[in-house]
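Peer 1:
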């Protein structure tokens, strides 16, 4: 298994880490060297795993949600909640009796 | 003087402030001169004003790794992200040291968040090996190991997630103990990989390192992983001797590629143990080859989760940003290169599509490694191995090759994966550099490995007298 620069950018986004282009390039190579070593786990025989206790042998249940890269809810601006905004001000209905030009 | 001797003198009436004051003067002078080791990140001159005249560690100066929370000194974890951070509470192990009369003279340098094997990954610069200043002291508890080896303090605390007490102990020529997972409270230890982290001890002698372990051991309701078990007489266990002790030597820890000098010293140490009545046999731990790949999936996975809390909102420094996402990223830019690498690796192996392939497989491999130990300890009382494949390497030698750096822990990570205790004890020198041998014992049998290490130490002491 190996990663490419797009994978590294996606993982950096999930981890809230910003990487320069140089850092991303270096990290792609370093992670691939580490993953190449980690791939040694593939040598584990399934038969060996069957000797394990039931707690260890049973595949871990997936309780995980999908990876999310969407915008953080706290980054939503107040303007996004307002029905109308003009020149940085919330536009509200005028008090009774003050309807006129320029009001809404 | 040893910690044991200092405490005895203080209990007999010597001023409890003397040893700490002397230690602080010695550290300040040495660490501001041309021969500085950069072993400490902060010192506590106020500590010389307090001291207890009773307790197992009465008046004994102690150095603490800077990932253990203290209320009177900052706790930085060697990271810019916690620059100046002072914990509002104290680690249980620190409190126990103080209650036993110990005097905390300073906090020691470490690889950032304990991630490393050389103490080169610190925001405060690398620590140097007291035996050769061009070489690393090991890591991640390199500051504590160097402080004890240089004679600044007789004992020190470190943390061991994959060998971070035992490997620097080997590189610096001191004794380092990692207890059974659950023996010592981790309350106040900044989390790196919670299923592997343990607080450990350093000393110049087996007795001192064991004495410190005895003081910090025991159940703590503030750490749900600490276990209710009686604390044995660790400090006396080193005198038991090794007559009749069954010592296993695993084939997998003596590979053909092992430094021939290290191999020779291991063989000589075994001869010493046999001469004192131990029975040595060859054994096998067949899944040892999977230990490093397993560790470098599980530890970064846990680290990526544990270090998610450093976002600028709660601890340490805060970066500037247009919105909160920007602030998170700007704050986390303060992490060093190795920490970013491990967070990235951990996030990747936990991400959708790779979780079962990496994390699930590594968890099962961990079970196999633990089973190997369970099986072999039916036939032997302790295991003896090299602590590290080589003596201390040169500064900068492995910084551009993470896999080479990780392989420095090849003989130590298995104890963390299985949760068993292990300790490193000096067994000789190669070209003026110390080499350590590692004893591993079954769960909760620290006293057996301390007895074995004490026997070996005694054989060296007899030779030198």
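Chains as they are written, first to last, in this note's numbering: chain B, 22 to 125; chain P, -4 to 460.
Don't be surprised by glycine CBs; every beta carbon is placed ideally from N, CA and C.
Let me confirm a value: residue 118/B is counted as buried when at least 16 other C-beta atoms fall within 10 Å, else exposed. Which label applies?
Peer 2: Per the 10 Å Cβ criterion, exposed.
Peer 1: Taking contact to mean at least 3 C-beta pairs separated by less than 8 Å, is the stretch 340 to 358 of chain P in contact with the stretch 122 to 137 of chain P?
Peer 2: No: the two stretches stay apart, fewer than three of their Cβ pairs being nearer than 8 Å.
Peer 1: Going by beta-carbon coordinates alone, are residue 382/P and residue 165/P separated by less than 9 Å?
Peer 2: In this structure, residue 165/P lies closer than 9 Å to residue 382/P by Cβ.
Peer 1: Below 7 Å between beta carbons is the criterion; list the residues of the stretch 333 to 348 of chain P that meet it against any residue of chain B, in chain order.
Peer 2: Answer set for the stretch 333 to 348 of chain P: 335, 336, 338, 339, 340, 342, 343, 346 and 347.
Peer 1: Grab the span of the beta strand (DSSP E) containing residue 277/P for me, first residue to last.
Peer 2: Segment 274 to 278, the beta strand (DSSP E) holding residue 277/P.
Peer 1: Would you verify that the beta carbon of residue 56/B is, or is not, closer than 9 Å to some beta carbon of chain P?
Peer 2: Yes, contact with chain P.
Peer 1: Should residue 152/P go down as buried or exposed, given a rule of 16 or more other Cβ atoms within 10 Å for buried?
Peer 2: So residue 152/P counts as buried.
Peer 1: For a contact defined as C-beta to C-beta under 8 Å, what are the partners of residue 312/P on chain B?
Peer 2: Ordered by position in chain B, no residue passes the 8 Å Cβ test against residue 312/P, which lies about 15 Å from the chain.
Peer 1: Which one of 236/P, 282/P and 135/P has the shortest CA to CA distance from residue 157/P?
Peer 2: Among 236/P, 282/P and 135/P, the Cα nearest to that of residue 157/P is on 135/P.
Peer 1: Would you mind working out which of 116/P, 432/P and 231/P sits nearest residue 171/P, comparing C-alpha positions?
Peer 2: Residue 171/P has its Cα closest to that of 432/P, out of 116/P, 432/P and 231/P.
Peer 1: So, is residue 79/B buried or exposed, given that buried needs 16 or more other C-beta atoms within 10 angstroms?
Peer 2: With a pLDDT of 47 at residue 79/B, under the threshold of 50, the predicted position of this residue should be treated as unreliable, and no value is reported.
Peer 1: Can you pull the chain P neighbours of residue 39/B, defined as C-beta to C-beta under 7 Å?
Peer 2: By Cβ distance, chain P contributes 324 and 328.
Peer 1: Once you ignore the five residues that flank residue 72/P on each side, which residues in its own chain have a CB closer than 8 Å to its CB?
Peer 2: Within the same chain, residue 72/P has close Cβ partners 61, 62, 105, 107, 108, 109 and 185.
Peer 1: Going along chain B, which residues have a C-beta under 7 Å from residue 299/P?
Peer 2: Near residue 299/P (Cβ distances below 7 Å), the residues of chain B are 36.
Peer 1: Of all Cβ atoms in chain B, is any one closer than 9 Å to the Cβ of residue 356/P?
Peer 2: So yes, residue 356/P belongs to the interface.
Peer 1: Let me see if you follow: with CB-CB separation under 9 Å, is residue 392/P close to chain B or not?
Peer 2: No, residue 392/P does not count as interfacial toward chain B.
Peer 1: In the DSSP output, which residue or residues are listed as bridge partners for residue 102/P?
Peer 2: 37/P and 59/P.
Peer 1: So, with DSSP's three-state summary, where would you put residue 352/P?
Peer 2: Here residue 352/P sits in helix by DSSP.
Peer 1: Mind checking who residue 124/P pairs with in its DSSP beta bridge?
Peer 2: DSSP output for residue 124/P lists 127/P as bridge partner(s).
Peer 1: Just to confirm my understanding: we take residue 389/P, look at its own chain, exclude 5 residues before and 5 after, and list those with CB closer than 8 Å. What are they?
Peer 2: 129, 130 and 131.
Peer 1: Considering only the alpha carbon of each residue, which of 32/P, 273/P and 101/P lies closest to residue 243/P?
Peer 2: Comparing Cα-Cα distances from residue 243/P to each of 32/P, 273/P and 101/P, the minimum goes to 273/P.
Peer 1: Could you tell me the boundaries of the alpha helix (DSSP H) in which residue 43/B lies?
Peer 2: Where residue 43/B is concerned, the enclosing alpha helix (DSSP H) stretches over 42 to 59.
Peer 1: Going along the chain, which unbroken runs of the alpha helix (DSSP H) with 4 or more residues stay wholly within the stretch 331 to 406 of chain P?
Peer 2: Runs of the alpha helix (DSSP H) inside the stretch 331 to 406 of chain P: 332 to 345, 356 to 371 and 397 to 401.
Peer 1: Between residue 44/P and residue 2/P, which are expected to be in contact by the criterion C-beta below 8 Å, what is the C-beta distance as a whole number of angstroms?
Peer 2: 19 Å between Cβ atoms; not a contact.
Peer 1: Tell me which same chain residues have a C-beta within less than 6 Å of the C-beta of residue 365/P, skipping the five on either side of it?
Peer 2: For residue 365/P, where only same-chain residues beyond five positions count, the Cβ hits under 6 Å are 413.
Peer 1: If you measure between the beta carbons of residue 112/B and residue 105/B, is that distance less than 9 Å?
Peer 2: Taking 9 Å as the Cβ cut-off, residue 112/B and residue 105/B qualify as a contacting pair.
Peer 1: Go ahead and label residue 462/P buried or exposed: buried means 16 or more other beta carbons lie within 10 angstroms of its beta carbon, across all protein chains shown.
Peer 2: Missing from the structure shown is residue 462/P; chain P here goes from -4 to 460 and no further.
Peer 1: So, does the stretch 297 to 306 of chain P touch the stretch 396 to 405 of chain P, judging by three or more C-beta pairs under 8 Å?
Peer 2: Because the criterion of three Cβ pairs below 8 Å is not met, the stretch 297 to 306 of chain P and the stretch 396 to 405 of chain P do not touch.
Peer 1: Within the 9 Å Cβ cut-off, does residue 61/B reach chain P?
Peer 2: Taking Cβ atoms only, chain P reaches closer than 9 Å to residue 61/B, which makes this a yes.
Peer 1: Between the Cα of residue 330/P and those of 31/B, 37/B and 47/B, spot the shortest distance and give me the residue it belongs to.
Peer 2: Comparing Cα-Cα distances from residue 330/P to each of 31/B, 37/B and 47/B, the minimum goes to 37/B.
Peer 1: DSSP on residue 173/P, reduced to helix/strand/coil?
Peer 2: Strand at residue 173/P.
Peer 1: Is residue 188/P near residue 196/P, with beta carbons less than 9 Å apart?
Peer 2: The answer is no: Cβ separation not under 9 Å.
Peer 1: Compare the C-beta of residue 101/B against all C-beta atoms of chain P and say whether one is closer than 9 Å.
Peer 2: Taking Cβ atoms only, chain P never reaches closer than 9 Å to residue 101/B, which makes this a no.
Peer 1: Would a C-beta distance cut-off of 9 Å place residue 360/P and residue 282/P closer than the cut-off?
Peer 2: For residue 360/P and residue 282/P, yes; Cβs fall inside 9 Å.
Peer 1: Reducing DSSP to helix, strand and coil, say where residue 155/P ends up.
Peer 2: Residue 155/P falls in the strand class under three-state DSSP.
Peer 1: Which residues in chain P have a C-beta closer than 8 Å to the C-beta of residue 33/B? List them in chain order.
Peer 2: Under the 8 Å cutoff, chain P gives 339.
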